[in-house]
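S.K.:
There are 2 protein chains.
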Amino acid sequence: MAQPGFIRDVKLVNGVNLTQLSENINAIRSDPKLAKFKFRSKNKWIFGGHNQITIGQFYGTNQEHRLNQTFKLEADEPPVLLGEDKGPNPVEYVLAALSACLTTTLAYHAAARGYRIDSIESEYEGDVDLQGFLCLRDDVRKGYQNIRVTFKVKGDIPEEMIHELLQISPVYDVVTNKVPVSIQVEKA
Amino acid sequence: MAQPGFIRDVKLVNGVNLTQLSENINAIRSDPKLAKFKFRSKNKWIFGGHNQITIGQFYGTNQEHRLNQTFKLEADEPPVLLGEDKGPNPVEYVLAALSACLTTTLAYHAAARGYRIDSIESEYEGDVDLQGFLCLRDDVRKGYQNIRVTFKVKGDIPEEMIHELLQISPVYDVVTNKVPVSIQVEKA
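Respectively, the protein sequence lines represent chains A and B. The working numbering numbers the first residue of the first sequence as 527 and each following residue consecutively. The working numbering numbers the first residue of the second sequence as 527 and each following residue consecutively.
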């Protein structure tokens, strides 16, 4: 796969390096193992609803990668949910993940198909009924019941194509479909 | 529902205000509409894989709430995925959301049941095969194929109870089950 750091002519559309994208796709076609990525994070509980997330490495293109910087994120709850508002809460992070993925997917896949995009803005709203989390009702789910998304896009791309490209988003897949999660617990 | 800001005796377990929790539950039992929350975020595309998330308000307990501060998050891709590493990437934000939610759920529900917890640390790893996102293979999903989680917990709580409480997490529900997402597009 292409590595950054050397000088050459590249084709940029929507800020996406199409030269590198095309090289990546060709490399994966000849060695599909290059496409297998493992993303990682760590979490440390602080107090009540406050905890810290650390993200600093992943595996992909047959090798370990360290990020240039280790990203630290704070999560907390607002006072009405017994927290101190030191960061977004967990379900707000779901909206952040979905929004980042839909946006990047649209920018990348529009570029790959030659559509110029000038701006992308989007808004998210999701419904949670706390009777689920508080175990007050078995028939109310604990997570989002629905998520509504509105996109405003400026650029030379048809509306139907925008809808089609947004469906390619990996986090859209995660949220609208099931992902198996295995949990191991070590008691210290 | 209880509001912060006045002085009184409260029962704190694991940093969780059990007095307020109990008052919230009683309030919701008498008016279930108090439990209906709407969480929100906004996203603005910057360039390539870089975009910015803003989180600053939500609806719940029959009223609008503004956070004390507006949270801004950066999302980007690493260079090998055509980005400039200006923030975690979208699928890493999914792990952040899941980790924050499992941790808070364990702290809150252990507190509600009287279990003392001294520390919680956890690690996350999820598999993505980029052949899905790159539309190179129809039989490879675009999002996570699997997520593996390991918890290390110190405290006076049985291992089976930890497993049971983690299942209550709203983001665990979002990731392991389906959430309907509706997308509206406005072309400018």
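Just so you know, even glycine gets a beta-carbon here, dropped at the ideal spot from N, CA and C.
(1) Would DSSP call B/K680 helix, strand or coil?
(2) What does B/R700 touch in chain A if you count any residue whose Cβ is under 7 Å from its own?
(3) Does chain B have any CB closer than 9 Å to the CB of A/E685?
(4) Across the region 617-626 of chain A and the region 643-653 of chain A, are there enough close Cβ pairs to call them in contact, namely three or more that are closer than 8 Å?
(5) Candidates B/N594, B/E603, B/N615 and B/Q710: which alpha carbon is nearest A/G613's?
(6) For a contact meaning CB atoms closer than 8 Å, what does A/G640 contact in chain B?
(7) Quick check on A/P696: buried or exposed, where buried means 16 or more other Cβ atoms within 10 Å of its Cβ?
(8) What residues are listed by DSSP as bridge partners for B/L538?
(9) Report yes or no: is there a C-beta of chain B within less than 9 Å of the C-beta of A/A537?
(10) In the DSSP assignment, what are the bridge partners of B/I643?
(11) Can you tell me the Cα-Cα spacing of A/L607 and B/Y634, whole angstroms?
(12) If you draw a straight line from the C-alpha of A/G586 to the C-alpha of B/P604, how long is it?
(13) Taking its Cβ as the centre, do 16 or more other Cβ atoms sit within 10 Å of B/V536, making it buried, or is it exposed?
(14) Counting pairs of beta carbons, one from the region 686-696 of chain B and one from the region 667-686 of chain A, are three or more of them closer than 8 Å?
(15) Helix or strand or just coil, what does DSSP make of B/N615?
(16) Can you name the residues of chain B whose CB is closer than 8 Å to the CB of A/E712?
(17) Could you list which residues in chain B have their beta carbon closer than 7 Å to that of A/A623, in chain order?
(18) State yes or no: is the C-beta of B/A709 within less than 9 Å of the C-beta of A/V705?
(19) Report the neighbours of A/L691 on chain B: residues whose CB is nearer than 8 Å to its CB, in chain order.
(20) One question on the structure: do A/F565 and B/V654 come within less than 9 Å of each other, judged by their Cβ atoms?
(21) Can you check whether the CB of A/K598 is closer than 9 Å to the CB of A/Q583?
(22) In chain B, which residues lie less than 7 Å from A/S567 when you measure between Cβ atoms?
(23) Is the shortest distance between the beta-carbon of B/E590 and the beta-carbons of chain A less than 9 Å?
(24) Against A/T545, what residues of chain B qualify as contacts under a CB-to-CB distance less than 7 Å, listed in chain order?
(25) Output yes or no for whether 9 Å exceeds the beta carbon distance between B/T629 and A/N569.
(26) Contact defined as beta carbons within less than 8 Å: I believe B/I554 pairs with B/L560. What is the distance between those atoms, to the nearest angstrom?
M.R.: Inspection of the coordinates gives the following:
(1) strand
(2) It is Val, not Arg, that sits at residue 700 of chain B in the sequence shown. Chain A residues near B/V700: V620, G669, Y670 and V701.
(3) yes
(4) yes
(5) B/N594
(6) Simply none; closest approach about 15 Å.
(7) buried
(8) B/N543
(9) Note that residue 537 of chain A corresponds to Lys in the displayed sequence, not to Ala. Chain B, which has no Cβ nearer than 9 Å to the Cβ of A/K537, makes this no.
(10) B/G681
(11) 10 Å
(12) 11 Å
(13) exposed
(14) yes
(15) coil
(16) T676, F677, K678 and V679
(17) P616, Y619, V620 and A623
(18) Here residue 709 of chain B turns out to be Ile, not Ala, going by the sequence shown. Result no, Cβ atoms of B/I709 and A/V705 do not sit closer than 9 Å.
(19) Going along chain B, no residue has its Cβ under 8 Å from A/L691, so there is no contact; the nearest lies around 10 Å.
(20) yes
(21) no
(22) E618, L621, A622, S625 and Y650
(23) no
(24) Correct list: empty, because the minimum Cβ distance to chain B is about 10 Å.
(25) yes
(26) 5 Å
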